[in-house]
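J.:
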Amino acid sequence: MYQRLPDRTGDQALVREINLSLIMNRLWEHSPISRAALAEMTGLNKSTVSSLINELIEHGFVREVGLLSNGIGRPSRQLELNPEAGFIVSAEVSVDSIAVLCANFAADVIWQHRESTYGETDRRVILGRVVDLMQDAAARGRDPAVGRTAMLGLALGLPGMVEQTTGTLLFAPNLGWEDVPVCDLLTPDFPDVPVFVDNEANLAALGESFFGAAQGYHEILYVSAGVGVGGAMVSGGQIFRGTTGFAGEFGHMTIDPNGPVCGCGNRGCWETLVSPAALFRHIRDAAAQQSTRLEQMTGGDWDALTVPLVVEAADAGDPVALDALAQVGRDLGIGIASLLNALNPDLVLLGGTLSQAHAHLLPVIRAEVERRALRWAAHAAAIERGQYGRNACLMGGVARVYQTILAQPGTVSR
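The working numbering numbers the first residue of the sequence shown as 1020 and each following residue consecutively.
#1: Curious, which full-length beta strand (DSSP E) runs of at least 3 residues does the stretch 1290 to 1375 contain?
#2: Given a cut-off of 8 Å, decide if residue 1344 and residue 1377 are closer than it, judged by their beta-carbon atoms.
#3: Are residue 1148 and residue 1117 closer than 8 Å when you measure CB to CB?
#4: Identify every residue that forms a DSSP beta bridge with residue 1252.
#5: Spatial neighbours of residue 1291 within its chain, please: C-beta separation below 7 Å, excluding the five flanking residues on both sides.
#6: Report buried or exposed for residue 1048, applying the criterion of at least 16 other Cβ atoms within 10 angstroms of its Cβ.
#7: So, is residue 1398 buried or exposed, given that buried needs 16 or more other C-beta atoms within 10 angstroms?
#8: Around the Cβ of residue 1012, are there at least 16 other Cβ atoms within 10 angstroms (buried) or fewer (exposed)?
#9: Between the alpha carbons of residue 1154 and residue 1176, how many angstroms are there, rounded?
#10: Along the alpha helix (DSSP H) that carries residue 1406, what are the first and last residues, could you check?
#11: Is residue 1227 close to chain D, meaning its C-beta is less than 8 Å from at least one C-beta of that chain?
#12: Thinking C-beta only, is residue 1259 closer than 8 Å to residue 1242?
#13: Apart from the five residues just before and just after residue 1392, which ones in its own chain have a Cβ nearer than 7 Å to its Cβ?
#14: Pull up the CB-CB distance for residue 1119 and residue 1132, whole angstroms please, since I reckon it's below 8 Å.
#15: Does DSSP put residue 1424 in a helix, in a strand, or in coil?
#16: In three-state terms, what does DSSP make of residue 1211?
#17: Quick check: residue 1369 and residue 1404, are their CB atoms within less than 8 Å of each other?
#18: When you compare the CB positions of residue 1250 and residue 1193, do they come within less than 8 Å of one another, or not?
#19: Apart from the five residues just before and just after residue 1139, which ones in its own chain have a Cβ nearer than 8 Å to its Cβ?
#20: Return the bridge partner residues of residue 1182 from the DSSP annotation.
Below, the structure written as structure tokens:
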């Protein structure tokens, strides 16, 4: 899976693979569609399209879904990707929870589960539980009654730097993990399944691009504001990875050299200013000087603060909650303005835990971007909330497997 494939010349097998990918992508974009329309759309001759479609039907990736008549000539058989071609399992390890999802080939969710790992630090325990949940998801996905028996791929998102050629988690500061051979730990339990391990923000950005709020955009900046701040850039449908594969660590941009110490060892990283912890810090500091309904809502236990509670207080007009959200929104806007100047995307999506406060944060972020970013970059980019919220990484894992199948359907065994 992680070994680099040798370069290939323009042999017949490569041409066939390219044509299969072309047809699969057009079916994904335009289903239902006829063979004749596919031939016209792809520029391939009708006999080639018919041969490749028959192959895809035989392998279960495509199915015929009826006839369509325009009143002239014979009705045409319509085609679509087969939702029951198989299933995909996607998982995420975050700082305080793990989640697993199973989807069919149409990206419809069959089953999902999330549970807290708060207080658990042993990576063997956490990854062991992830494998157990993946096995549960596979059991839910496998349904011979509808012909859905093949596990098409497995993806896992992690909050840190993942080496793509080996699937090793090199560094996850908020987990305290280093040099964990995650892919090697997963493959014994799933020996015949393609396994993808990636940074959670990369997968979240891909999920939003493929299935969610970023569909139709070309240059997408995704900012995931949770316990840490992750980020990713999707360009032309592909994750931008940089030279060594670690692009997107926006949370570790230094914003305040004299700011709080970050888990990475630096001081004043962006994520120390725009995380839920920063939001709660502002609230605790302000509560020492003025009253807030959050004190009653938490029973005076500041450890019980959550983003939804802060949003509830802000919606009720609580000045402490409103001021804290405004401060975090301004700090988010400062960082996003710099990223707009550097990367020039056409869409910025806010994800992660803080996106639950989008109604209060986005107006402040937009105002700060308008104030600080170059107007050409600022006016070119919409700034919105991600569609999938806390499930963005899970849907991104589905997209990662899906994207590979669309690109190389001839290499996938069912």
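Don't be surprised by glycine CBs; every beta carbon is placed ideally from N, CA and C.
T.: The relevant details are as follows:
#1: 1366 to 1370
#2: As a working note, residue 1377 is residue 358 in the sequence shown. As a working note, residue 1344 is residue 325 in the sequence shown. No, Cβ-Cβ distance for residue 1377 and residue 1344 is not below 8 Å.
#3: Here residue 1148 corresponds to residue number 129 of the sequence shown, with the count starting at 1. Here residue 1117 corresponds to residue number 98 of the sequence shown, with the count starting at 1. Taking 8 Å as the Cβ cut-off, residue 1148 and residue 1117 qualify as a contacting pair.
#4: Numbered from 1 along the sequence shown, position 233 holds the residue referred to as residue 1252. Per DSSP, 1240.
#5: Residue numbering aside, residue 1291 sits at position 272 when the sequence shown is read from its first letter. Hits under 7 Å: 1278, 1279, 1281 and 1297.
#6: As a working note, residue 1048 is residue 29 in the sequence shown. Residue 1048 comes out exposed.
#7: Taking the sequence shown and counting its residues from 1, one reaches residue 1398 at position 379. The residue in question, residue 1398, is exposed, as its Cβ has fewer than 16 Cβ neighbours within 10 Å.
#8: In the structure as shown, the chain begins at 1020 and stops at 1433. Residue 1012 is therefore absent and cannot be evaluated.
#9: Walking along the sequence shown from the start, residue 1154 turns up at place 135. Walking along the sequence shown from the start, residue 1176 turns up at place 157. Cα to Cα, residue 1154 sits roughly 17 Å from residue 1176.
#10: Within the sequence shown, residue 1406 is the residue found at index 387, counting from 1. Premise fails: residue 1406 is in no alpha helix (DSSP H) and is neither H nor E.
#11: The structure shown contains no chain D; it is built from a single protein chain.
#12: Counted from its first residue, the sequence shown places residue 1242 at position 223. Counted from its first residue, the sequence shown places residue 1259 at position 240. Contact flag unset, no.
#13: What you label residue 1392 is simply residue 373 of the sequence shown in a count that begins at 1. Hits under 7 Å: 1356, 1359 and 1360.
#14: In the sequence shown, counting from the first residue as 1, residue 1119 sits at position 100. In the sequence shown, counting from the first residue as 1, residue 1132 sits at position 113. At roughly 6 Å, the Cβ-Cβ gap stays under 8 Å, so residue 1119 and residue 1132 are in contact.
#15: Counting from 1 along the sequence shown, the entry for residue 1424 is found at position 405. Three-state result, residue 1424: helix.
#16: Against the sequence shown, residue 1211 aligns to sequence position 192. If DSSP states are grouped into helix, strand and coil, residue 1211 belongs with coil.
#17: Counting from 1 along the sequence shown, the entry for residue 1369 is found at position 350. Counting from 1 along the sequence shown, the entry for residue 1404 is found at position 385. Closer than 8 Å, so yes.
#18: Residue numbering aside, residue 1250 sits at position 231 when the sequence shown is read from its first letter. Residue numbering aside, residue 1193 sits at position 174 when the sequence shown is read from its first letter. Cβ distance not < 8 Å, so residue 1250 and residue 1193 don't count as in contact.
#19: Reading the sequence shown from its first residue, position 120 is the one you call residue 1139. 1145, listed in sequence order.
#20: Position 163 of the sequence shown holds residue 1182. Paired residue(s): 1187.
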